């Protein structure tokens, strides 16, 4: 092995960062394409069909359109904060991506390559902390617009965050207690050692996490900060052109990161199904990265199904739901998990 | 100096869910609505004055453009008022055909209501689904009347021409499949937790208030008052048809949702009966080519449009043009209730309430 600190900590991460920065915006374009197609099929339409075969070039056309649009800063807006807000969201989304272990790692040119840019020992905490920062982008963007609908959207965003973030933390805590580690790759290894995905150990936590994930990413039925039929476009009403597209990019990056976190915490990350059962070892020929993409893709699809099926909650109802249902349930889940762990330890040990 | 004050928010006339050009001035405490003032008139075209400048036949297309989501019902209100005013003969067959077409139009109108109402609350899929069925109804209009939206369906005396061949069979086929579609919609909404949370107890109007404000149609029946002009003062062929009035005691948006869904099912029954019992004979009665109504007569004739009591008040002056025509538009009267309905609710509920009242701005402003 030729690995040195230089290759491990500088060159390979930089290469991966470059790949993500280059590929992910295009990928987001195609996630939007898939969203439009799936939504269209749910609604008995065809979706984009004009640009390229089956509308496959639509995302590229859209990207060019957005780049050439005028970048408007309203006269009364706080220009600095107004311009910074979408960048915060984008940075947060991309930073989140760098934490996810996307595959089992491989050897190329004599170097061991890990498929996660940073694999810190407090990965879960760091990821949750960074993802929570996205609310700042919404609040600041809405506030700096100096306009009424964005202000209301920003306030809703703050109200929304305090109602699900606590429950989200408690839910993840229960999983961490079982895994005994805060490292994301450590959690995947713990699931392999245990022989089951944590979805079977933490079914309640899994459901709670999905709901909190939808709220975190501001998607239907919890897309209150943008709620286009009520607040026109909510916090980004005043944005146009590529700053607007930053918000979109950030939102889809957040969807991907949260789906990736869900997959890592509850579905064994990049591992194949039933990692310890010999019977399914024929699935080993599919690399871990593909499993990861498949699993994350499924949950991104879930976001789209939800959007095609559900009406939108009112923001006081979401707060009620968060404080009166999710937090109690997640605390009970945490306590039960802790008790069972103690019992298990005393029986086993 | 730090102080708190109400925020004044202009909702509309450009806003995704004020259904056209309605402007609401909302006074907000946080997101709670302290007061709400509807501002109307952005779509005012002076229709009532225009009626005085054209003859009785030429006025029919104006009525299309008031409540443009239910043009045949508007045509019927005007045409029947003229017939009653002049005492003209109406063919029996035309009465049945008119009833069937008006009920199809009620279905089309309620479908748009359901789609937009659900979309305002966030369920986007519903609009696409309801448009799909409405499209079929509009195709029937195109085949029978020559136009899809601004139908100018009827003329004093009857219809311009008889139904095309195969039309009745096609409509009967639609009547068979349509209730299944309604089941599909209800599957997606009726027991949906979020839909219930968003509509139950939102936009309450009591029966007394509804009567005092002169509300009509689903807004009145949604508060438990079983008043339907089709039963109370039957017109066209409604007196020969067996149907029920949909009533809901809930007084809220959910009640009105259930009520309108039931109304669509009743409409299907009415259409089936009309087409089943369709009498033979000429499609139009013997009416002069140039209508002149002797001076000094006046009439108020009301029908049950999808939105409520649609009345035409016409005064004649002996010429071939009306001296005055006043339209009692259901949307205009129903909209007046919005201030009372949204006080104390949140912004998200305003959208629910607007959808639940089911206004058409062409009807409000005329």
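Chains as they are written, first to last, in this note's numbering: chain U, 4 to 352; chain B, 186 to 551.
Note that CB positions come from ideal geometry on N, CA and C, so glycine has one too.
Quick caveat: nothing in here was measured; it's all calculated off a predicted structure.
Own chain partners of residue i with C-beta closer than 8 Å, once the 5 adjacent residues on each side are dropped
i              : result
residue 309(U) : 217, 222, 223, 224
residue 289(B) : 257, 322, 325, 326, 356, 452, 456
residue 14(U)  : none
residue 53(U)  : 61
residue 536(B) : 202, 305, 306
Contact set for residue i: own chain, Cβ-Cβ below 6 Å, skip 5 residues either direction
i              : result
residue 224(B) : 208
residue 486(B) : 265, 266, 269, 497
residue 495(B) : 262, 488, 515
residue 1(U)   : With chain U covering only 4 through 352, there is no way to say anything about residue 1(U).
residue 532(B) : 216
Residue i in three-state terms, based on DSSP
i              : result
residue 478(B) : coil
residue 345(B) : coil
residue 486(B) : strand
residue 513(B) : strand
residue 493(B) : strand
residue 418(B) : coil
residue 498(B) : strand
residue 193(B) : strand
residue 508(B) : strand
residue 376(B) : coil
residue 311(B) : helix
residue 177(U) : helix
residue 459(B) : helix
residue 192(U) : helix
residue 398(B) : coil
residue 435(B) : coil
residue 200(U) : coil
residue 452(B) : helix
residue 153(U) : helix
residue 302(B) : helix
residue 295(B) : helix
residue 352(B) : helix
residue 327(U) : helix
residue 72(U)  : coil
residue 119(U) : coil
residue 237(B) : helix
DSSP bridge partner residues for residue i (one or two, in chain order)
i              : result
residue 224(B) : 208(B)
residue 79(U)  : None; residue 79(U) has no bridge partner.
residue 531(B) : 217(B)
residue 469(B) : 343(B)
Integer Cβ distance of residue i from residue j, believed to fall under 8 Å
i              : j              : result
residue 250(U) : residue 92(U)  : 6 Å
residue 390(B) : residue 522(B) : 6 Å
residue 340(U) : residue 181(U) : 7 Å
residue 252(B) : residue 548(B) : 4 Å
residue 30(U)  : residue 120(U) : Actually they are not in contact, since the Cβ atoms of residue 30(U) and residue 120(U) sit about 16 Å apart, beyond 8 Å.
residue 100(U) : residue 187(U) : Actually they are not in contact, since the Cβ atoms of residue 100(U) and residue 187(U) sit about 12 Å apart, beyond 8 Å.
residue 74(U)  : residue 246(U) : 6 Å
residue 261(U) : residue 219(U) : 6 Å
7 Å CB neighbourhood of residue i in its chain, flanking five on each side removed
i              : result
residue 278(U) : 195, 271
residue 505(B) : 240, 241, 475, 476, 477
residue 236(B) : 244, 247, 507, 510
residue 550(B) : 225, 226, 227, 228, 229
residue 177(U) : 205, 208, 336, 337, 340
Chain C residues whose Cβ lies nearer than 9 Å to that of residue i
i              : result
residue 191(U) : Of the protein chains in this structure, namely U and B, none is chain C.
Output needed in chain order: residues of the region 126-148 of chain U with a Cβ under 8 Å from some Cβ in chain B. none
Using a Cβ-Cβ cut-off of less than 9 Å, list which residues of the region 47-75 of chain U approach chain B; keep chain order. 47, 48
Check distances from the C-beta atoms of the region 380-406 of chain B to those of chain U and list, in chain order, the residues that come in under 7 Å. 380, 382, 383
Listed in chain order, which residues of the region 298-320 of chain U have Cβ atoms closer than 9 Å to some Cβ of chain B? 310, 311, 312, 313, 314, 315, 316, 317, 318, 319, 320
What residues in the region 231-247 of chain U bring their beta carbon closer than 8 Å to a beta carbon of chain B? 231, 232, 233, 234, 235
Listed from N- to C-terminal order along the chain, which residues in the region 150-184 of chain U have their beta-carbon within a distance smaller than 7 Å of any beta-carbon of chain B? 151, 155
Within 7 Å of chain U by C-beta, residues of the region 421-447 of chain B in sequence order: none
Check distances from the C-beta atoms of the region 212-223 of chain U to those of chain B and list, in chain order, the residues that come in under 8 Å. 223
Please list the residues of the region 504-518 of chain B that have a C-beta atom closer than 7 Å to any C-beta atom in chain U, keeping them in chain order. none
Please list the residues of the region 201-223 of chain B that have a C-beta atom closer than 7 Å to any C-beta atom in chain U, keeping them in chain order. 201, 202, 216
Of all the residues that make up the region 13-41 of chain U, which are near chain B by a beta-carbon distance shorter than 7 Å? none
Please list, in chain order, the residues of the region 316-331 of chain B that have any C-beta partner in chain U closer than 8 Å. 317
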